[in-house]
Amino acid sequence: MREKILLVDDDVEFAGLAKKWLQKAGYEVLTAEDGKSGLRRVFSSRPNLVLLDANMPEMDGFEVCHRIRVMSDIPVIMVTVNGRTSDLLRGFDLGADDYMTKPLDFAELVARVAAILRRCSMEMEEEASESFHDGEVEVDWRSHQVYVRGKPVKLSPTEFNLLSCLIKNRGWIVTHEQLLQKVWGPHYVGDKSFVKLYIRYLRQKIEKDPHSPQLILTERGVGYRFAITREPIFSSK
890 MREKILLVDD DVEFAGLAKK WLQKAGYEVL TAEDGKSGLR RVFSSRPNLV
940 LLDANMPEMD GFEVCHRIRV MSDIPVIMVT VNGRTSDLLR GFDLGADDYM
990 TKPLDFAELV ARVAAILRRC SMEMEEEASE SFHDGEVEVD WRSHQVYVRG
1040 KPVKLSPTEF NLLSCLIKNR GWIVTHEQLL QKVWGPHYVG DKSFVKLYIR
1090 YLRQKIEKDP HSPQLILTER GVGYRFAITR EPIFSSK
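Residues 890 to 1126 (the working numbering) are what the sequence shown spells out, left to right.
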């Protein structure tokens, strides 16, 4: 069965080109020209991914993304004519999985769609597994044991939860606000000092050189990203 992509955009020319590229890549493409109808199609058609324009009249893409996230974890790529960092952060904080700026390269768009869908498939596999191993870091989710380059590393509960959050989103930016929400909870949102402090603790424990990190990478002004060193191995007993 082909994977379904819902394209929500009031720019008819862009939507037409994006649809052709996605169909050529083998996807079934559904369309909506405004936020409200797009939101209805999300819940009536159950797409595998939503490609969402941020700048639409009445209900904009940010509001649509927020409403999707209240009810679903369907991956969302936001597209906008604005390349402002504030818009990018807002999109990520609302739960967008990726963010692209128009005009864009449609080949890159197709590649990002494929990458996100592949990541979702890996996450489903990971949820059914008991451990993760990528050649550098090994994590046993149940026992909370961590090994780095074959040696055991003792982490505090907060450090373990932070590392887990980064690993489960490896290759992708996780913003400061997302980390605060997922690791510390809503009462800490807005206080980036917790994130920076514990990132420093983690780097001291898992990096070969904490001053030149190769695993936990800083995306300046946005957040952090766990590097992909090789295809991970998941295992279950």
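Glycine included, every Cβ here is placed at the ideal spot set by N, Cα and C.
- By a beta-carbon distance limit of 8 Å, leucine 983 contacts phenylalanine 951. Their separation comes to about 6 Å.
- Shown here, glutamate 1019 sits in coil according to DSSP, grouped into three states, outside any helix or strand.
- Taken in chain order, the unbroken stretches of alpha helix (DSSP H) that lie wholly in the region 1050-1090 and span 4 residues or more are 1065-1068.
- Bridge pairing for methionine 989: Val968 [DSSP].
- In terms of Cβ geometry, arginine 1038 and glutamate 1025 form a close pair [threshold 8 Å].
- Under DSSP, aspartate 942 takes part in a beta bridge, and its partners are Val968.
- When the five nearest sequence neighbours on each side are left out, no beta carbon in the same chain lies closer than 7 Å to the beta carbon of alanine 1004.
- Three or more beta-carbon pairs separated by less than 8 Å link the region 939-955 to the region 968-988, which places the two stretches in contact.
- By the neighbour-count criterion, in which a residue is buried when 16 or more other Cβ atoms sit within 10 angstroms of its Cβ, histidine 1033 is exposed.
- It is roughly 21 Å from the alpha-carbon of leucine 906 to the alpha-carbon of leucine 1006.
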